[in-house]
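Q:
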Amino acid sequence: MAKKPDLLPGTLDMLILKTLTRAPLHGYGIALSIKRFSDEVLTVEEGSLYPALQRLLLQGWVKAEWKMTETNRRARFYTLTAAGRKQLGVELTQFDQMIAAIGRVLRDPQEA
Amino acid sequence: MNNLSRFTKKLSILFGRQQFLSDLDEEISFHRQQAEQEFIAAGMSPQEAHYTAMRQFGNATRAKESSHEVVGFSFESVLQDVRYALRQLVANPGFTAVITLTLALSIGANSAIFSVIEGVLLKPLPYPHAEQIVRVFLSSAEFPKFPLNPFDFRDFRERNKSFESLAAFTRGDMQLSGNGQPVQLSGFKITAGYFHVLGLKPALGREFDTHNEVPGNTQQVILSDRLWRSRFNADPQIVGGKITLDMLPYTIIGVMPANTEHPGNDYHAVPYGESVDVWSPFAFEGNPAQRGSHFIEGIARLKTGVTSEQANAEMNALMAQIGNEHGGTGWKVLLIPLYREIVGANQRMLLVLLGAVGMVLLIACANAANLLLARAAARQREVAVRLALGAPRRRLIRQMMTESLVIALLGGGLGALLAEVGVKTLVALLPAGFPRAHEIHVNLLVFAFTFFVSICTGILFGLAPALQASRMDPRRGLHEGGRSQTGSARQGRLRNALVISEVSLACVLLIGAGLMLRSFLNQLHLDPGFRQEQVLTATLSLPHAEYKTGADNARFYSRLTTALSNLPGVESAGAGSDLPWTGYDENAGGFNIEGKRPPAQQEDHARYHMATPGYFRALGIPLVRGRFFTDADTKDAPQVVIVNHSMAALYWPGEDAVGKRFTFEDKPVEKDWFRIVGVVGDVKDKPDSLSAEPAFWWPHPQAPHPDMTVVVRANGDARALADSLRTQVRLLDPSLAVANLRLMDQVADESIATPRFAFSLVGLFAGLAIVLAAIGTYGVISYSVSQRLPEFGLRLALGAPPGNVLRMVLVQAARLTITGAVVGLIVGLVLARVLRSMVYNVSSTDPLTFTAVGFGVIAIAMLACWLPARRATKASPMIALRAE
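Line by line, the protein sequences are chains A and B. In my numbering, each residue carries its 1-based index in the first sequence increased by 460. In my numbering, each residue carries its 1-based index in the second sequence increased by 572.
#1: Three or more C-beta pairs under 8 Å: does that hold for the region 954-974 of chain B against the region 690-709 of chain B?
#2: Which bits of chain A does B:N631 rub up against, with CB to CB less than 8 Å?
#3: Considering only DSSP beta bridges, list what B:M1182 is partnered with.
#4: Here's a check: name, in chain order, each residue in its chain whose Cβ is nearer than 6 Å to the Cβ of B:A1309, leaving out the five neighbours to either side.
#5: From B:G987 to B:G994, what distance separates their C-alpha atoms?
#6: By the criterion of Cβ-Cβ separation under 9 Å, what are the contact partners of A:A542 in chain B?
#7: Taking only beta-carbon positions, decide if B:H603 is within less than 9 Å of chain A.
#8: Name, going along the chain, the residues of the region 580-601 of chain B whose beta-carbon falls closer than 8 Å to a beta-carbon of chain A.
#9: Which same chain residues, not among the five before or five after B:D1203, have their C-beta less than 7 Å away from its C-beta?
#10: Any idea if B:S737 is buried or exposed, counting beta-carbon neighbours within 10 angstroms, 16 or more meaning buried?
#11: At 3 residues or longer, and completely inside the region 1210-1262 of chain B: list those beta strand (DSSP E) runs for me, N to C.
#12: Rounded to the nearest angstrom, how far is the Cβ of A:P484 from that of B:S638, given a contact under 8 Å?
#13: So which residues of chain A does B:Q606 contact, with C-beta pairs closer than 7 Å?
#14: Which runs of the alpha helix (DSSP H), 4 residues or longer, sit entirely within the region 868-952 of chain B?
#15: Any idea which residues DSSP pairs B:S1113 with across the strands?
#16: For the beta strand (DSSP E) that A:M528 lies in, which residues bound it at each end?
#17: Helix, strand or coil for B:N1068 per DSSP?
#18: Is it a yes or a no for the region 908-919 of chain B touching the region 657-674 of chain B, going by three-plus beta-carbon pairs under 8 Å?
#19: Which whole-angstrom value is the C-beta distance of B:A1183 and B:M1219, which I expect to be below 8 Å?
#20: Could you please give the first and the last residue of the uninterrupted beta strand (DSSP E) stretch that includes B:V1142?
#21: With the cut-off set at 9 Å, would you say B:A1264 and B:T1349 are in Cβ contact?
#22: Beta-carbon within less than 6 Å of B:L933's beta-carbon, same chain only, minus the 5 sequence neighbours each way: which residues are those?
#23: Rounded to the nearest angstrom, how far is the Cβ of B:V1319 from that of B:W1153, given a contact under 8 Å?
#24: In its own chain, which residues sit with a C-beta less than 6 Å from the C-beta of B:S1042, not counting the 5 before and 5 after it?
#25: Would you say B:R1443 faces chain A, with C-beta separation under 9 Å as the test?
#26: Kindly indicate if chain A contains any beta-carbon less than 9 Å away from that of B:R578.
#27: So, under 8 Å CB-CB, B:K761 and B:F767 are touching, yes? Tell me the CB distance rounded to an integer number of Å.
#28: Return helix, strand or coil for A:H486, following the three-state DSSP convention.
#29: In chain order, what residues of the same chain lie with their CB nearer than 7 Å to the CB of A:T479, ignoring the 5 residues before and after it?
#30: Under the three-state reduction of DSSP, which class applies to B:R1405: helix, strand or coil?
#31: On the DSSP bridge assignment, give the partners of B:W851 in chain order.
#32: Compare the Cα-Cα distances from B:N631 to each of B:F1236, B:D597, B:P1007 and B:P843 and report the closest residue.
#33: Shortest alpha-carbon distance to B:D724 belongs to which of B:V650, B:D849, B:S594 and B:G899?
#34: Quick one: any contact between the region 1441-1452 of chain B and the region 1374-1390 of chain B, if contact means 3 or more CB pairs under 8 Å?
#35: Taking A:P511 as the query, report the chain B residues whose CB atoms sit under 8 Å from its CB, ordered along the chain.
#36: Anyone know if the C-beta pair for B:E779 and B:G788 falls short of 9 Å?
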């Protein structure tokens, strides 16, 4: 089994917040969603997903409530809060700046 | 705001912990079930799907733990570790008891010694801005620390620019009568501004001014708080009242507050502390042009910004000026900061004690680390399981460190209790008059120190074993099962290093104790020059108001000693100006010896004393040549003296001193000559003085003095004579107080109390050290034997003689202990230099001590290894079979 690439450090919170902009989801749903949208490149492990969710809850960026799924099972659904949306904006901007900066470093000077 | 809401969320989770954990559980199991369903949908069998999900999602417990860590308070996991540690300790009571008690003993000893250091060295002196206070002495090549002349002092006071104020004081005990039994009060005569220098103000009334320094204005007195309360019922109206001192009326002008501490003094010393009852004015009497007499001690407060060195330079210039005006004297001024003067002599001893007790703690640490290492080996499986289950190493180290810290704090807590007891014992053991002994208490600072030492101890002995254990490979730990094997080579090396350092530290301490023991024995076995047994002593002071002339004084002491000699049970009785070994330091200088030219530079000088005829016999001071004084040596008889052996040898080398004469006059007439009639044996100033000073005695009638020490030698128990002595004094004069009634044994004992104190403590610590080191060595060898029992069993089964096995173990032990002893002896050789000033007549490299300690330590350590070695010879091969 080939080892899958790890998440870029510090990006998990952002990915979760982004995923939750589309719809409230339970933990498994979030993991699945990230996997699908990344064309199966990114996998989120329980070991980092649930601590991250606790962190977001504590910061007040997401809310959690127990609801029923379509298959009628109890699951904890996470919803983005207004503060979370604002935080996502902040993180996206920082991330874009970071990627742009990395890009500039990596670009071959002859190409310019 | 955000922090606050985060905190309240954490708080709600803390209290709803069960809810939080079950929510998390449900969430994670939901997660897994969803994943499994997906795998089944993709065509896996349910079981396959289950395992795949398990594998893919890894360690569920770890996920829960780290989720909880995000929301938990950090102390929660600490508490968890502490709970775990306590469970471990309760589960191993023997281990816990040994390790905690060892630590408690050594931490307690450290705290006790620290209390002494805190009280004596660290606590600020009880005077405001005490760092500005200096003591003022004169100094010359012959007399490095000498009192001042009053008129020199007065010139210093008028001319100096360095001091905010300068004062002088000298011993002036007084006898209080009326209002019950007459009592001898400990007193000082002080100049104006004495209390101002100390920064103290009377609680009632005022202090003396320069008006009181004029003869005739001196019948005023300041009382101590203690005297005011004990004799005068703390009468708030007492200022202005009159009391009878030395048979004269004195007006009380002030009362000092409680905690007015005497700053200590050199000349007729009274110990530092609340040791003074009364202060009376010092009067400048006599001819200001004559500056030969030195008996007052200076004390001064430096102006802000002036250093003691600057002031000293100015004072030296002043002294030179004064010398020019009154004929050169060759004196220099010596300023000593008060703090250094008070604690200086004991500082080194206390620091040596702290060092010694610190070494004991290090040995205890090494022992604790050894025990932990041995236990870590036994816990390999537990650690392996936890590592395999995904516990991070950092967390394991933290948890083990928590265990050692819990142990250390338990030891520290118990140690603090021991310190409380220890300090009381220490203070009781301290030599009488030890400066600031009353300041020694177990206080908050001592507790803080104990806490700090405990934490450091815990880290020190816990870190290495924790690192060792966590470095283990879990596969190996699991594979080897519950049976711990020989332990890694690294562990073995660490254990050996610990034993070697324990043995060497114990060696160092024993060397210290050995040197001090030798020094102490030297002092004990020294011929003191007198016989202290069966001698009762007491001091008397005849008030000038009643005994106006020298003849009055002489008559009283002659009658008293005659009456005492005639008592049944008395062998001989006499009186003298002082007792041996009490630091008496009265010097007469500038005498001329008949037939010899006075030396150009140095003045001839000698200690002078007074004695009645029975004095030498009563003290057992032997007559070397000539005769003792007799009743015929009266005021009108030819002037005679007795000299000691040192004086005879110094000024009449190779001659018979008896019959020789000296005088204090430059142009003597016949009556100015003192003829030597006897030579007596030498008595040193103090037992550890290098040699006896030259000294001579005047017969009391020819040099009468009101303050004398009575000496009575008994046929039997001298204590029984105390009442007769009091009665005889009362018969002669009922208004006299008999003070300092003591046996000469006690006097002599007190003079060696400090070396005995230091030696007993270092000896105690050394004893503790060698016991701990022996336990440590025993532990390591015993552990290694138990590890190798199968091997020994096999060897024995294959026909190895038990002697071979025994030798194997002992050689291993010998290698460690000999290395330790050699290291210890080398370190001891270096460190013993610190003791050089504390030991008497012993070289700090004393070969006897070093040899004895070296062999002794090796012998004790080997003895400790004997038991485990014996066990090795009884190993059965069955152990080996069962183990595999």
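The C-beta atom is built at its ideal place from N, Cα and C for all residues, glycine as well.
A: In terms of the structure at hand:
#1: no
#2: As a working mapping, residue 631 of chain B is identified with position 59 in the second sequence. G507, listed in chain order.
#3: What you label residue 1182 of chain B is simply residue 610 of the second sequence in a count that begins at 1. Looking at the DSSP assignment, B:M1182 forms a beta bridge with B:W1270.
#4: As a working note, residue 1309 of chain B is residue 737 in the second sequence. Once the five neighbours on either side are set aside, the close Cβ partners of B:A1309 are Q747, P754, V755 and Q756.
#5: As a working note, residue 987 of chain B is residue 415 in the second sequence. As a working note, residue 994 of chain B is residue 422 in the second sequence. Going by the C-alpha atoms only, they are around 10 Å apart.
#6: As a working mapping, residue 542 of chain A is identified with position 82 in the first sequence. The premise fails here: A:A542 is roughly 14 Å from chain B at the closest Cβ pair, so nothing lies under 9 Å.
#7: Position 31 of the second sequence holds residue 603 of chain B. Yes, B:H603 lies at the interface with chain A (some Cβ there is under 9 Å from its Cβ).
#8: K581, K582, D595, L596, E598, E599 and I600
#9: As a first step, residue 1203 of chain B must be located in the second sequence, where it is residue number 631. Contacts found: P1185.
#10: Position 165 of the second sequence holds residue 737 of chain B. B:S737 should be labelled buried.
#11: 1212-1216, 1233-1235 and 1246-1252
#12: Residue 484 of chain A sits at position 24 when you count from the first residue of the first sequence. Residue 638 of chain B sits at position 66 when you count from the first residue of the second sequence. In fact, because the Cβ distance is near 24 Å, the residues do not count as touching under 8 Å.
#13: Indexing the second sequence from 1 puts residue 606 of chain B at position 34. Neighbours of B:Q606 on chain A, chain order: Y488.
#14: 880-898 and 910-950
#15: Your numbering for residue 1113 of chain B matches position 541 in the second sequence. In DSSP, B:S1113 forms a bridge with B:D1279.
#16: To locate residue 528 of chain A, count along the first sequence from 1; it is residue 68. Start and end: V522 to M528.
#17: For the purposes of this step, residue 1068 of chain B is taken as residue 496 along the second sequence, with counting starting at 1. Residue state, collapsed to three classes: helix.
#18: no
#19: Taking the second sequence and counting its residues from 1, one reaches residue 1183 of chain B at position 611. Taking the second sequence and counting its residues from 1, one reaches residue 1219 of chain B at position 647. At roughly 15 Å, the Cβ-Cβ gap does not stay under 8 Å, so B:A1183 and B:M1219 are not in contact.
#20: Here residue 1142 of chain B refers to the residue found at position 570 when the second sequence is read from its first residue. First-last of the beta strand (DSSP E) with B:V1142: V1142 to G1148.
#21: In the second sequence, residue 1264 of chain B corresponds to position 692, counting from 1. In the second sequence, residue 1349 of chain B corresponds to position 777, counting from 1. Going by C-beta atoms, B:A1264 is not nearer than 9 Å to B:T1349.
#22: As a working note, residue 933 of chain B is residue 361 in the second sequence. Correct list, in chain order: S678 and N682.
#23: Within the second sequence, residue 1319 of chain B is the residue found at index 747, counting from 1. Within the second sequence, residue 1153 of chain B is the residue found at index 581, counting from 1. With a Cβ gap of about 7 Å, B:V1319 and B:W1153 count as contacting.
#24: One-based indexing of the second sequence puts residue 1042 of chain B at position 470. The residues are R965, L968 and I969.
#25: Mapped onto the second sequence, residue 1443 of chain B falls at position 871. Not an interface residue.
#26: Reading the second sequence from its first residue, position 6 is the one you call residue 578 of chain B. Yes, its Cβ sits closer than 9 Å to a Cβ of chain A.
#27: To locate residue 761 of chain B, count along the second sequence from 1; it is residue 189. To locate residue 767 of chain B, count along the second sequence from 1; it is residue 195. Not a contact, Cβ separation roughly 14 Å.
#28: Numbered from 1 along the first sequence, position 26 holds the residue referred to as residue 486 of chain A. A:H486 falls in the strand class under three-state DSSP.
#29: Counting from 1 along the first sequence, the entry for residue 479 of chain A is found at position 19. Around A:T479: L485, I490, S493 and I494.
#30: Translated into the one-based positions of the second sequence, residue 1405 of chain B becomes position 833. In this structure, B:R1405 counts as helix in the three-state DSSP scheme.
#31: Taking the first residue of the second sequence as position 1, residue 851 of chain B is located at position 279. DSSP output for B:W851 lists B:F760 and B:I794 as bridge partner(s).
#32: Indexing the second sequence from 1 puts residue 631 of chain B at position 59. Comparing Cα positions, the closest option is B:D597.
#33: As a first step, residue 724 of chain B must be located in the second sequence, where it is residue number 152. Checking every option, the nearest Cα to that of B:D724 belongs to B:G899.
#34: yes
#35: Stepping through the first sequence from its first residue, residue 511 of chain A is reached at position 51. Residues of chain B passing the Cβ test: A635, S638, S639, E641 and V642.
#36: Taking the second sequence and counting its residues from 1, the one referred to as residue 779 of chain B is at position 207. Taking the second sequence and counting its residues from 1, the one referred to as residue 788 of chain B is at position 216. Result no, Cβ atoms of B:E779 and B:G788 do not sit closer than 9 Å.
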